[in-house]
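To start, the structure under review is shown below, and the notes come after it.
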Amino acid sequence: MSNVQVPKAEDLWKGDKPVFDPSKVTVVFVLGGPGAGKGTQCALMVKDYGFVHLSAGDLLRAEQERPGSQYGDLIRHYIKEGLIVPMEITIKLLENAMADAMANPPKLTDPKLEAGWENGKGRFLIDGFPRKMDQALMFDKVVCPSAFVLFINTDEDKMTQRIIERSKTSGRDDDNLESLKKRFKTFRETSMPVVDMYRKEGKVADIDSSVPIPQVYEQVKAALNKHLSF
Ligand code: UDP
Ligand code: MG
26 MSNVQVPKAE DLWKGDKPVF DPSKVTVVFV LGGPGAGKGT QCALMVKDYG
76 FVHLSAGDLL RAEQERPGSQ YGDLIRHYIK EGLIVPMEIT IKLLENAMAD
126 AMANPPKLTD PKLEAGWENG KGRFLIDGFP RKMDQALMFD KVVCPSAFVL
176 FINTDEDKMT QRIIERSKTS GRDDDNLESL KKRFKTFRET SMPVVDMYRK
226 EGKVADIDSS VPIPQVYEQV KAALNKHLSF
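The opening position of the sequence shown corresponds to residue 26 in the working numbering, with each subsequent residue numbered one higher.
Here it is as structure tokens:
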């Protein structure tokens, strides 16, 4: 692996306020094990609620492939090993993507949904992040305090079956049994404490994704209606 220098958080964020104002910008974290169905549910929510969907994993994979990126090899290594990429990289990618969306709001045909992006407002689903305590604390402090967490989860056998199926078409380096075992270990040991912290704060909605997609989505909609005012 290359020995590129990762910038330090204190050099990236100098202000004492988060970049985005949580009274205008709604951030919903979407967490759950690999293959739990986070991306699938996010796509449904984008259509019905006018969210912009940002997948931390997708942003990292795009950065990995970006010509000229100094982080390509580093990201490739962490993803293959199921490890968490240093938070400075992931948080900066998310912040940049949020700023892009705020500057160029999505084109929505429903005026009610369009209003969610007027006058400096915005709504984001942040999928697959935060997966480690340091990321969670830093994002809430420097980028935007999150509104609540959708915790979409099922058992490891089901998730394994789904990833094996997905591996036929995903082209992802980490959709194989060896990487998947490491991803589950990281999820249990490193990501679950984040969910537990938010749970203590009363910010977690538990979604059982062992049932068919429309039934998962019913639970998701009920959680959004309960936790958000739109
Ligand atoms: N990843 C990371 N930091 C994050 C999110 C993802 O380092 O905040 C890396 C990690 O190695 C993870 C991989 O990206 O295993 C794939 O994440 P993704 O969310 O795409 O996988 P999913 O859980 O959706 O299968
Ligand atoms: Mg995903």
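We put the beta carbon where it would ideally sit given N, CA and C, even for glycine.
Just so we're clear, the structure is a prediction, and the values are computed from it rather than from any experiment.
The criterion of a C-beta distance shorter than 8 Å is not satisfied by A61 and S216.
Counting along the chain, I100 sits inside the alpha helix (DSSP H) bounded by residues 97-105.
Placement of the Cβ of G82 at a distance of less than 7 Å from at least one heavy atom of the ligand MG is found. The beta carbons of G141 and K49 sit no closer together than 8 Å. DSSP, read as helix, strand or coil, puts V241 in helix. For secondary structure counted as the alpha helix (DSSP H) over 4 or more consecutive residues, the stretch 163-235 holds these complete runs in sequence order: 181-195, 202-211, 217-225. For G64, the Cβ falls inside the 7 Å cut-off from some heavy atom of the ligand UDP. Annotation for A81: T115, G153, F154 place their beta carbon closer than 6 Å to its own, counting only its chain and skipping 5 residues before and after. Taken atom to atom, the span from the alpha-carbon of P239 to that of S254 is near 23 Å. Rounded to whole angstroms, V236 and L37 show a C-alpha spacing of 42 Å. E35 and M163 have their C-alpha atoms some 11 Å from each other. Nearest C-alpha to L84 among K39, A161, A122: A122. When secondary structure is reduced to three states using DSSP, T134 falls in the coil class, being assigned neither helix nor strand. Exclusion of Y223 from the 7 Å shell around the ligand UDP follows from its C-beta lying no nearer than that to any non-hydrogen atom of the ligand. With a threshold of 7 Å, the Cβ atom of G107 does not count as near the ligand MG, since no heavy atom of the ligand is closer than that. In this structure, the ligand MG has a non-hydrogen atom nearer than 7 Å to the beta-carbon of D152. Membership of G82 in the alpha helix (DSSP H) is indicated by the continuous run 81-90. Taken from the Cβ of I104, at least one heavy atom of the ligand UDP lies inside 7 Å. Shown here for L138: same chain residues with a beta carbon closer than 8 Å to its own, the five before and five after excluded, namely Y74, G75 in chain order. For L119, the enclosing alpha helix (DSSP H) stretches over residues 112-128.
The count of Cβ pairs closer than 8 Å, one atom from the stretch 54-68 and one from the stretch 176-185, reaches three, so the stretches are in contact. In the structure shown, D46 falls within a coil segment according to DSSP collapsed to helix, strand and coil.
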